[in-house]
Amino acid sequence: MVREYRITLLPGDGIGPEIMAVTVQVLKAIAPTHDLQFHFSEVPIGGAAIDATGNPLPPETLDDCRQSDAVLLAAIGGYKWDNSPRSQRPETGLLGLRSGLELFANLRPATILPQLIDASSLKREVVEGVDIMVVRELTGGVYFGQPKGIFETETGEKRGVNTMAYSEGEIDRIAKVGFEIACKRGKKLCSVDKANVLDVSQLWRDRVVQISAEYSDVELSHLYVDNAAMQLVRAPKQFDTILTGNLFGDILSDAAAMLTGSIGMLPSASLGADKPGVFEPVHGSAPDIAGQDKANPLAQVLSAAMMLRYGLDEPEAATQIEKAVMAVLDQGYRTGDIMSPNMKAVGCQGMGEVLLKALG
Ligand code: NAD
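Following this note's numbering, the numbering of the sequence shown begins with 55 at its first residue and continues without gaps.
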């Protein structure tokens with residue numbers, strides 16, 4: 055039986071429409087093989103939405119996303135809106151989307167592709183085979199805890215305050231995502247905290263241990279964040295899935311991503327409780343190369359694969375896309391950002407064409 059999915063496309067700004075076009079072609083190409091039917095709707099966000107409606111996240115856009123099974127986002131932003139007031143900035147649309155869909159879990163894979171191993175700043179033997187997923191809590195912790203602000207003390211001295219707070223419920227729901235993701239991967243979960251110093255981390259650790267009882271086939275370990283940072287650059291292959299809070303995850307996910315060395319290759323996913331997830335590349339709208347057919351569409355294409363695997367539970371379709379990406383890299387095709395000597399230069403559209411051929 056054909057499984058039907060409603061997908062909201064948010065091409066956004068800069069290179070967004072170019073990389074989205076390639077990705078939609080790929081999704082259409084794989085659909086029949088897996089008995090899938092996609093119903094796409096395309097709506098504006100970011101600068102494109104400001105130009106069209108005066109609002110970086112028009113209510114119609116958020117409504118469309120809420121009615122979908124998954125949201126595929128490219129990127130937002132550009133020079134044109136850099137000096138606009140906060141409410142008229144593309145980034146405001148992105149933050150509104152995240153809160154509007156209650157996206158509390160951020161998934162950032164860092165996978166070393168053998169074809170691009172020399173793009174890493176670390177030694178080949180250290181990074182070869184690295185395949186890490188960082189699961190970061192996105193809507194709690196020190197970025198949102200109260201009280202926060204800059205206050206004046208009795209002596210007139212200013213004092214900056216942020217509060218790192220997590221409730222049991224917040225920890226439990228992100229821990230469950232972490233365990234679920236680990237189940238779909240190597241069944242190893244490393245929870246990162248600072249329980250030797252922070253009470254909030256002690257509660258984090260206690261809850262993660264409690265939740266682990268529901269996932270007896272996942273091997274759970276714990277690291278303090280300072281040690282985790284060291285281990286990531288010393289011996290990254292020891293990690294499979296990392297579970298951590300908002301602040302530690304912000305830093306560790308960027309560090310893990312940079313093990314791979316190539317921003318045009320990195321996808322991400324943000325998941326909510328009962329609303330659709332948002333799947334997007336880690337990179338921005340690259341206004342410096344927009345409209346020149348120079349963009350690497352592979353992070354966007356791999357974001358669609360994440361959408362299939364983690365948003366729609368269609369792992370076979372995801373695998374077909376990931377294999378095609380590996381195949382075109384094996385064949386030597388490279389966009390400018392990942393070019394190296396003796397490889398075949400292609401533009402964004404050209405990469406799309408060879409991908410379609412690789413899909414068969
Ligand atoms: P960027 O990621 O857009 O670009 C950084 C560099 O990487 C540029 O030289 C760019 O050409 C290159 N690059 C990025 N993606 C590429 C790709 N797919 N193929 C080839 N080269 C690629 O970051 P930036 O320059 O700091 O920001 C540009 C705009 O993007 C800003 O307006 C920023 O606010 C926005 N931004 C948006 C998001 C998002 O939509 N989630 C994330 C980061 C930045």
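Beta carbons are placed, not taken as given, at the ideal position from N, Cα and C, and that holds for glycine.
Set against 7 Å, the gap from the CB of residue 409 to the closest heavy atom of ligand 1 is not smaller.
For the 8 Å CB-CB criterion, residue 69 and residue 147 do not form a contact. Nearest to residue 379 by C-alpha distance, out of 178, 192, 165, is 165. Between residue 226 and residue 261, the gap from beta carbon to beta carbon is short of 8 Å. For residue 91, the enclosing beta strand (DSSP E) covers residues 90-96.
Fewer than three Cβ pairs drawn from the segment 383-396 and the segment 96-110 lie within less than 8 Å of each other, which leaves the two stretches out of contact. Collapsing the DSSP output to three states places residue 300 in a helix.
Uninterrupted beta strand (DSSP E) stretches at least 3 residues long and entirely within the segment 184-241 occur at 185-191, 199-206, 212-217, given in chain order. Here the alpha carbons of residue 324 and residue 245 stand approximately 19 Å from one another.
For residue 137, there is no enclosing alpha helix (DSSP H), as DSSP marks it with neither H nor E.
Residue state for residue 351 is assigned as coil, using DSSP reduced to three classes.
The set of residues whose C-beta lies within less than 5 Å of a heavy atom of ligand 1 reads, in chain order, 129, 130, 131, 318, 337, 338, 339, 340, 342, 343, 349, 350, 391. Distance from the Cα of residue 124 is smallest, within the candidate group 136, 58, 108, for 58. For the pair residue 286 and residue 309, the CB atoms are nearer than the 8 Å cut-off. Taking the C-beta atoms as reference points, residue 155 is found nearer than 8 Å to residue 330.
By the neighbour-count criterion, in which a residue is buried when 16 or more other Cβ atoms sit within 10 angstroms of its Cβ, residue 130 is buried.
Residue environment analysis places residue 319 among the buried positions, since at least 16 neighbouring C-beta atoms fall within 10 angstroms of its C-beta. Annotation note: the segment 127-173 contains the following uninterrupted alpha helix (DSSP H) runs of length 4 or greater, listed N- to C-terminal: 144-154. Within the segment 353-401, no run of beta strand (DSSP E) reaches 3 residues while sitting entirely inside it. Leaving aside the five residues that flank residue 339 on each side, the residues in its chain whose CB is nearer than 7 Å to its CB run, in chain order, 66, 67, 68, 69, 70, 129, 130, 131, 132. Secondary structure note for residue 69: it is in no alpha helix (DSSP H), with a DSSP letter that is neither H nor E. One thing to note: residue 336 has its Cβ no nearer than 8 Å to the Cβ of residue 358. Going by DSSP, residue 331 is part of the beta strand (DSSP E) stretching over 331-335. DSSP lists 94, 124 as the beta-bridge partner residues of residue 61. 8 Å or more divides the Cβ of residue 399 from the Cβ of residue 405. Beta-carbon to beta-carbon, residue 332 and residue 192 are separated by about 11 Å, too far to satisfy the 8 Å threshold. Non-local C-beta neighbours of residue 326 in its own chain, meaning closer than 6 Å and more than five positions away in sequence, comprise 155, 156, 157, ordered along the chain.
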